[in-house]
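Just below is one structure, and these are the notes that go with it.
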Amino acid sequence: MNSRKIGILSGTFDPIHNAHLLLGESAREQYGLDRVIFMPNNLTHLKNRTQISGTEDRYQMCKMAISGNPYFTCSRLEIDKPDGCYTVDTLKELRTMYPGDELFLILGADSVIGIDTWDRAAELLKSCTILTAVREDDDLAVLDKKRRELNKVYGADIQLLTFNRIDISSTDIRNRIKIGRSVRYMLPDECIEYICIKGLYK
């Protein structure tokens with residue numbers, strides 16, 4: 019059986035929006051990925067858990083958002099862990115689930131700049147190829163310097179992923195809903211309907 023290329027796009031997704039979907043599609047197209055796994059976090063170690071919507075709501079919105087793309091799938095691997103988990107542990111589990119396949123971790127440039135401070139960074143950086151999404155306002159000189167440093171110290175394989183900037187953020191969507199402004203065309207209609215039915219972000 020031929021090995022596959024599997025992308026992992028992890029995040030809070032509160033809610034998932036069109037920029038997330040474009041990032042996944044850009045990675046799939048540019049690197050010939052056979053599958054992109056969207057993986058909602060149970061909790062992140064940088065945010066107040068009480069400010070994040072329930073795991074089931076975020077998971078259901080992810081499923082709705084990706085339903086029209088046969089290359090996209092959604093995983094419960096992280097949200098079903100009651101105490102959360104680190105990225106390095108997720109990748110270890112994925113290697114067991116997909117033996118022989120090549121894993122690509124999709125990250126923003128800001129995450130790559132600080133990735134050597136993550137839990138067990140050395141193990142993480144050797145376990146997959148990292149695709150870092152770069153936009154026109156990113157400091158490419160700083161990013162390239164960091165790429166060379168990570169390659170020298172850890173043997174990391176970090177590749178650039180061209181990503182057209184879309185000024186959409188989950189924070190902005192939540193704020194707009196809270197004050198009654200439209201979020202149409204910022205996220206899939208199915209997700210908007212789900213948010214309305216569930217009364218999220220009010």
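In short: position in the sequence shown from 1, add 18, done, that's the numbering used here. Note that the Cβ used here is the ideal one computed from N, Cα and C, for glycine as well.
Exposed or buried, Ile97, counting other C-beta atoms within 10 Å across all chains shown (16 or more means buried)? Working through the sequence shown from its first residue, we reach residue 97 at position 79. It is buried - the Cβ of Ile97 has at least 16 other Cβ atoms within 10 Å.
Same chain only: Cβ atoms within 6 Å of Ser145, ignoring 5 sequence neighbours per side: Position 127 of the sequence shown holds residue 145. The residues are Leu109.
Val14, enclosing beta strand (DSSP E) - first and last residue: Any answer about residue 14 is impossible in this case: the structure gives the chain only from 19 up to 220.
Inspect the CB distances between the segment 30 to 44 and the segment 160 to 169 and report whether three or more fall short of 8 Å. The segment 30 to 44 makes no contact with the segment 160 to 169; the number of CB pairs closer than 8 Å stays below 3.
Start-to-end residues for the beta strand (DSSP E) that takes in Lys23: Here residue 23 refers to the residue found at position 5 when the sequence shown is read from its first residue. Where Lys23 is concerned, the enclosing beta strand (DSSP E) stretches over Lys23 to Gly29.
Quick check on Phe181: does DSSP put it in helix, strand or coil? Sequence index remark: in the sequence shown, residue 181 carries index 163 (1-based). Phe181 carries a coil assignment under DSSP once its states are collapsed to helix, strand and coil.
Please tell me whether Thr147 and Leu161 are closer than 8 Å, where the distance is taken between their beta carbons. Along the sequence shown, one-based indexing puts residue 147 at 129. Along the sequence shown, one-based indexing puts residue 161 at 143. Inclusion of Thr147 and Leu161 in the CB contact set at 8 Å is not warranted, their separation being larger than that value.
Could you check the C-alpha separation between Lys65 and Ser71 for me, to the nearest Å? In the sequence shown, the residue the question calls residue 65 occupies position 47. In the sequence shown, the residue the question calls residue 71 occupies position 53. Because the pLDDT of Lys65 is 49, which lies under 50, any placement of that residue in the model is unreliable, and the number read from its coordinates should be weighed accordingly. In a straight line, the C-alpha of Lys65 is about 12 Å away from that of Ser71.
Considering only their Cβ atoms, is the gap separating Ile215 from Met204 smaller than 8 Å? Residue mapping note: residue 204 aligns to position 186 of the sequence shown, counting from 1. Residue mapping note: residue 215 aligns to position 197 of the sequence shown, counting from 1. Met204 is not a Cβ neighbour of Ile215, given a cutoff of 8 Å.
By alpha-carbon positions, which one of Ile213, Gln48, Asp134 and Glu154 ends up nearest to Ile195? Here residue 195 is taken as the residue at index 177 of the sequence shown, counted from 1. For the set Ile213, Gln48, Asp134 and Glu154, the Cα lying nearest the Cα of Ile195 is the one of Ile213.
Does DSSP put Leu218 in a helix, a strand or coil? Counted from its first residue, the sequence shown places residue 218 at position 200. Three-state result, Leu218: coil.
What are the start and end residues of the beta strand (DSSP E) that includes Val171? On the sequence shown, position 153 is the one that residue 171 refers to. First-last for Val171: Leu158 to Tyr172, but that is the alpha helix (DSSP H), not the beta strand (DSSP E).
What alpha helix (DSSP H) runs, 4 residues minimum, are completely inside the segment 112 to 142? Here the runs fully enclosed are 127 to 131.
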